[in-house]
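Take 7 as the starting number for the sequence shown in my numbering and just add one per residue.
For glycine and all other residues, C-beta sits at the position ideal for the given N, C-alpha and C.
Below you'll find the structure, written out as structure tokens, and then a few comments.
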Amino acid sequence: MARASEALSALQEQGLVALAVTAPDRDFCPPDARALVLIGPAGGSLWWDRIKAAPEWQDGAPDPVDRWSKRVLGGLAGRFGGAALFPSDGPPWPPFFRWAQDSGRIWQSPVGMLVHADQGLWVSFRGALALPFAVSLPRAPNPCETCPGQPCRTACPVSALSPRAYDTARCHAHLDRPEGRDCLTDGCRARRACPAGIGHARLAEQSAYHMSRFHR
Numbered sequence: 007m008a009r010a011s012e013a014l015s016a017l018q019e020q021g022l023v024a025l026a027v028t029a030p031d032r033d034f035c036p037p038d039a040r041a042l043v044l045i046g047p048a049g050g051s052l053w054w055d056r057i058k059a060a061p062e063w064q065d066g067a068p069d070p071v072d073r074w075s076k077r078v079l080g081g082l083a084g085r086f087g088g089a090a091l092f093p094s095d096g097p098p099w100p101p102f103f104r105w106a107q108d109s110g111r112i113w114q115s116p117v118g119m120l121v122h123a124d125q126g127l128w129v130s131f132r133g134a135l136a137l138p139f140a141v142s143l144p145r146a147p148n149p150c151e152t153c154p155g156q157p158c159r160t161a162c163p164v165s166a167l168s169p170r171a172y173d174t175a176r177c178h179a180h181l182d183r184p185e186g187r188d189c190l191t192d193g194c195r196a197r198r199a200c201p202a203g204i205g206h207a208r209l210a211e212q213s214a215y216h217m218s219r220f221h222r
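Below, the structure is given as structure tokens:
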């Protein structure tokens, strides 16, 4: 497990978190892969500060966050003899949603978005590493099953979220109105309402950046 511990520490040094581990998907992973590690940003300022100091952020070219992710995770894949996979790869598109649900640490929430055992509705993926050695993380209970009141269900002011579908048109229309301003500057109200993710919430500056990419 020494290599696994080294890999997890290397992620932490970059402000990244091993969110979950699942079995390698042979349609996307190298034949020698023994673990598929789903990776996301740490909450708070740690990851965001690294992004803003990175050359990709400073050079003025498009997609600085994705380019940073590909450089950093690609470098770690080379270091540990594995392969880096990204949601933007494809077609065929890597099924991150299915991988997440197979992991035992991420589930579909009552509002349709994925929910993580620790990060709640703030969970997001920067990529995945298919590694040639075993990696294990503790299994955890679905936080939604014991969440009092499930406040995410009623947090969206225009009811754009449900397990059946995400009404993006309704969401964008709300963001165009003055009353949708706080969603643009602070992030989705449903995500902010999730008690499981309080300790991993994004900075308002980070949320505003991501929302600006989503709502153009």
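query, result
"Close-in-space but distant-in-sequence residues of the same chain around Leu-143 (CB under 7 angstroms, 5 per side omitted)", "Ala-24, Ala-26, Val-27, Arg-111"
"Under 8 angstroms between C-beta atoms of Val-129 and Gly-21", "no"
"Closer than 7 angstroms: Arg-183 CB and nearest the ligand ZN heavy atom", "By its list of ligands, the structure shown contains no ligand whatsoever, and the ligand ZN lies outside what it can speak to."
"Local Cβ density within 10 Å of Met-119, reported as buried at 16 or more and exposed below that", "buried"
"Selection from Ala-161, Thr-160, Pro-116, Asp-192 that minimises the alpha carbon distance to Cys-150", "Pro-116"
"C-beta contact flag for Ala-106 and Ala-39 at 8 angstroms", "no"
"C-beta contact flag for Trp-54 and Leu-190 at 8 angstroms", "no"
"Length of the line joining the Cα atoms of Ala-196 and Cys-158", "5 angstroms"
"Whether Pro-163 touches His-178 by CB criterion (8 angstroms)", "no"
"Per-residue burial, Pro-61 [other beta carbons within 10 Å of its own, 16 or more giving buried]", "exposed"
"Helix, strand or coil at Ala-123 according to DSSP, with G and I counted as helix", "coil"
"Identity of the residue in Cys-200, Ser-218, Gly-133, Arg-176 nearest Ala-123 by Cα", "Cys-200"
"Alpha-carbon spacing of Ala-59 relative to Val-43, whole angstroms", "25 angstroms"
"Inter-residue CB distance, Ser-213 and Gly-186 (contact presumed, cutoff 8 angstroms)", "13 angstroms between Cβ atoms; not a contact."
"According to DSSP, residues forming a beta bridge with Pro-47", "Leu-22"
"Sequence-distant residues of the same chain with beta carbon closer than 6 angstroms to Leu-167, five excluded per side", "Val-117, Gly-118, Ala-196"
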